[in-house]
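Take a look at the structure set out below.
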Amino acid sequence: MPAKGKYFFNENDDCKITDPLYEKYRYTSQQHPLLLLLLFIAIAFWTTLIVIFFVTDVSIAFGVVLFIYLLLCIGSLFRRWLTLFGVIIWISFVTIGYVSIFEKENDFPPWEQVPFFLFLIFMVYTMLPFRMRDAVILSSLSALSHIIVLSIVYVNVFLLVQLLANAVIFLCGNLMGAFHKRQMQVASWDLYRYTLKCIQVRMKLKIEKRQQENLLLSILPAHISMEMKLAIIERLKETNDNRQMHDNNFHSLYVKRHQNVSILYADIVGFTRLASDCSPKELVVMLNELFGKFDQIAKENECMRIKILGDCYYCVSGLPVSLPVHARNCVKMGLDMCEAIKQVREATGVDINMRVGIHSGNVLCGVIGLRKWQYDVWSHDVSLANRMESAGVPGRVHITEATLNHLGKAYEVEEGNGHLRDPYLESMNIKTYLVIDPRSKQCVSNNHLPKTRVNDGLKMRASVRMTRYLESWGAARPFAHLNHRESVSSDSSASQGRRRKVRLAMVHGAELEEQDGGEQGSSGV
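Under full-length UniProt numbering, the sequence shown has 272 at position 272, and the numbering climbs by one with no breaks.
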């Protein structure tokens with residue numbers, strides 16, 4: 001059984017009005033009945049003015065002007081003083097009821113204006129913006145005032161019976177009005193929650209759709225993803241029963257031929273030796289930081305990154321829109337990558353370098369297969385660009401004659417002699433060149449490896465130095481939410497973790513000797 005006063009006076013657990021947004025929604029929803037009531041009053045008022053104007057000779061120009069002014073001002077005050085308007089309207093109707101009673105002096109029955117006050121009770125519950133408790137109080141005051149006034153001014157033998165009948169009518173009106181208001185409150189709260197939930201779901205779907213679009217665009221180019229989505233949508237429209245659909249994502253072959261593009265392959269020289277000195281967690285964080293910088297360089301030079309294979313990074317310029325300066329973009333990107341690795345080497349003392357190979361030609365690009373969409377490029381020219389990288393020189397950009405023809409005189413070059421380092425280039429009689437970086441003329445090159453920086457006698461491992469320096473770049477990283485190395489899953493065993501803690505605890509001892517021995521070995525190389 002519900003508690004006493006549960007239905008009418010206290011708010012239900014489901015309808016407890018603690019949300020200010022719901023309060024605003026409730027007031028807004030109750031404006032419409034109140035506006036209808038105000039419209040009714042305005043029509044009655046104007047009708048009265050018209051009758052008075054034609055029946056009497058009293059000038060009412062001042063009253064009309066004042067009423068129009070109030071109508072103009074009521075819009076700005078309506079939302080702010082909604083409850084006050086309701087109280088004023090209730091007082092006005094009560095006054096009208098008593099004026100109608102007393103204008104007949106003593107010649108009126110005990111049931112005089114009972115229908116009007118019953119209408120007033122229903123109006124308080126249904127049309128005025130009051131809470132349940134306030135509505136019950138005002139309706140009770142309306143009924144009690146009518147009964148008390150009649151008991152004072154009317155004298156009759158059967159007055160008590162007639163007043164009791166009026167009280168029963170008013171009580172029934174209050175019960176019906178309260179029940180109706182309660183049902184409307186429950187319906188309003190349910191509608192509010194349903195509407196709010198729909199809005200939240202719609203916003204969530206919009207955000208998830210945007211995230212899905214960004215995820216898809218990070219895997220596939222925009223033109224390929226759009227074409228594939230349209231094809232899937234068309235196939236869904238043609239299929240009436242989802243159970244008859246194949247579980248393959250798509251059936252068409254989304255491969256296109258593009259001419260006059262430049263392919264860049266880049267490999268980090270010395271990274272294998274560096275990887276043997278660091279843990280898997282450190283290696284993943286290092287590659288994440290480094291490739292984030294390379295992605296930024298690719299974006300600045302209008303190159304599209306195709307894939308990452310270990311420490312090999314390759315991209316294409318001239319996709320999906322053909323660019324007349326595709327060769328310049330790739331060469332500029334290759335020089336920027338070499339410069340970035342040079343800065344890492346000079347700042348950390350880690351013996352790494354960049355080897356870049358570029359070739360210009362034609363490619364087939366798109367998505368193949370039925371599972372795990374992956375955008376890639378294929379052609380003989382792509383394989384040749386890979387050969388150019390493997391036959392390149394560390395710290396230099398190695399290009400073919402085809403790329404040089406697209407460059408024009410944008411960069412100075414020198415003989416690359418790639419055929420001496422790769423038998424395939426020799427068999428294909430391909431002439432290669434090395435691009436001269438214009439920045440190398442502005443400073444004197446230093447061929448000797450700088451000494452490792454020492455901070456208060458503490459020498460860090462090469463992987464730690466490199467990772468900390470890469471973090472100082474501030475480039476957008478592919479997985480920026482991995483703020484700590486502990487966020488990356490480690491394949492190291494528990495014994496390796498304990499040994500690492502011992503090395504950190506003995507940083508001034510055994511680790512210092514280990515670094516000294518490593519530096520001597522690097523100097524010997």
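Virtual Cβ for every residue (Gly too), placed ideally from N, Cα, C.
Residues near residue i in its chain [Cβ-Cβ closer than 6 Å; skip 5 each side]
{"i": "Arg453", "result": "Confidence is the limiting factor: at Arg453 the pLDDT is only 48, short of 50, which leaves the residue's position unreliable, though a coordinate-based value still follows. If we look at Arg453 and ignore the five residues flanking it on each side, it has no Cβ neighbours."}
{"i": "Gln259", "result": "Asn362"}
{"i": "Arg465", "result": "Thr348"}
{"i": "Gly457", "result": "At Gly457, the pLDDT of 33 sits below 50, so the modelled position is not reliable; the number obtained from the coordinates is stated separately. Nothing meets the Cβ criterion."}
{"i": "Cys172", "result": "none"}
{"i": "His146", "result": "Phe117"}
{"i": "Cys338", "result": "Met354, Gly395"}
{"i": "Phe170", "result": "Ala143"}
{"i": "Gly177", "result": "Ile121, Phe122, Tyr125"}
{"i": "Asp422", "result": "Arg387, Ala391"}
{"i": "Glu412", "result": "Ile436"}
Residue i and residue j closer than 8 Å at C-beta
{"i": "Leu364", "j": "Trp373", "result": "no"}
{"i": "Gly392", "j": "Arg355", "result": "yes"}
{"i": "Ser262", "j": "Thr432", "result": "no"}
{"i": "Tyr424", "j": "Arg461", "result": "no"}
{"i": "Val255", "j": "Val331", "result": "no"}
{"i": "Glu289", "j": "Thr467", "result": "yes"}
{"i": "residue 527", "j": "Ile121", "result": "The structure shown does not extend to residue 527, since the chain spans only 1 to 525, so no value can be given for it."}
{"i": "Ser142", "j": "Val94", "result": "yes"}
{"i": "Leu274", "j": "Val350", "result": "yes"}
{"i": "Ser317", "j": "Leu323", "result": "yes"}
{"i": "Val397", "j": "Ile358", "result": "yes"}
{"i": "Asn295", "j": "Asp267", "result": "Correcting the residue identity first, residue 295 is Asp in this sequence and not Asn. The answer is no: Cβ separation not under 8 Å."}
{"i": "Asn174", "j": "Ser139", "result": "yes"}
{"i": "Ser472", "j": "His406", "result": "no"}
{"i": "Trp81", "j": "Val124", "result": "no"}
{"i": "Pro320", "j": "Pro221", "result": "yes"}
{"i": "Arg193", "j": "Met132", "result": "no"}
{"i": "Leu470", "j": "Met226", "result": "no"}
Residues that residue i bridges to, as DSSP identifies them
{"i": "Asp190", "result": "None; Asp190 has no bridge partner."}
{"i": "Tyr433", "result": "Ile399, Glu415"}
{"i": "Val363", "result": "His258"}
{"i": "Asn405", "result": "DSSP output for Asn405 lists no bridge partner at all."}
{"i": "residue 582", "result": "Nothing about residue 582 can be read from this structure; the chain reaches only from 1 to 525."}
Range covered by the beta strand (DSSP E) that runs through residue i
{"i": "Lys307", "result": "304–309"}
{"i": "Trp378", "result": "375–378"}
{"i": "Ser317", "result": "312–317"}
N-terminal and C-terminal residue of the alpha helix (DSSP H) that residue i is part of
{"i": "Asn260", "result": "Run containing Asn260: none in the alpha helix (DSSP H); it sits in the beta strand (DSSP E), 254–269."}
{"i": "Gly334", "result": "326–348"}
{"i": "Leu236", "result": "222–238"}
{"i": "Leu150", "result": "132–153"}
{"i": "Asn288", "result": "280–300"}
{"i": "Ser100", "result": "82–102"}
{"i": "Leu120", "result": "114–126"}
{"i": "Ser427", "result": "423–427"}
Residue i, buried or exposed, once every other Cβ within 10 Å from all chains shown has been counted against 16
{"i": "Phe158", "result": "exposed"}
{"i": "Lys307", "result": "exposed"}
{"i": "residue 563", "result": "Nothing in the structure corresponds to residue 563, since the chain is present only between 1 and 525."}
{"i": "Glu282", "result": "buried"}
{"i": "Cys303", "result": "buried"}
{"i": "residue 557", "result": "Residue numbering for the chain in the displayed model covers 1 to 525; residue 557 lies beyond these limits and cannot be assessed."}
{"i": "Val168", "result": "exposed"}
{"i": "Val525", "result": "Confidence at Val525 is low in this model, with a pLDDT of 29, below 50, so the placement of that residue should be treated as unreliable; the coordinate-derived value is given next. So Val525 counts as exposed."}
{"i": "residue 527", "result": "Here the chain covers residues 1 to 525 and nothing more, so residue 527 does not appear."}
{"i": "Tyr265", "result": "buried"}
{"i": "Cys198", "result": "exposed"}
{"i": "Arg328", "result": "buried"}
{"i": "Gln162", "result": "buried"}
{"i": "Met127", "result": "buried"}
{"i": "Glu415", "result": "exposed"}
{"i": "Val382", "result": "buried"}
{"i": "Ile152", "result": "exposed"}
{"i": "Glu389", "result": "buried"}
Residues of its chain near residue i, where Cβ-Cβ distance is below 7 Å and the 5 sequence neighbours each way are ignored
{"i": "Asn446", "result": "Note that Asn446 has pLDDT 48, beneath the 50 cutoff, so the model's placement of it is unreliable and the number below is only indicative. Correct list: empty, nothing qualifies."}
{"i": "Ile224", "result": "Tyr254, Gly366, Val367, Tyr375"}
{"i": "residue 533", "result": "In the structure as shown, the chain begins at 1 and stops at 525. Residue 533 is therefore absent and cannot be evaluated."}
Close Cβ partners of residue i (< 8 Å) along its chain, the five nearest in sequence each way excluded
{"i": "Ile430", "result": "Leu384, Thr400, Glu401, Gly418, His419"}
{"i": "Ala298", "result": "Met304, Arg305, Cys315, Met333"}
{"i": "Asp336", "result": "Ile297, Glu300, Asn301"}
{"i": "Val149", "result": "Tyr98, Ile101"}
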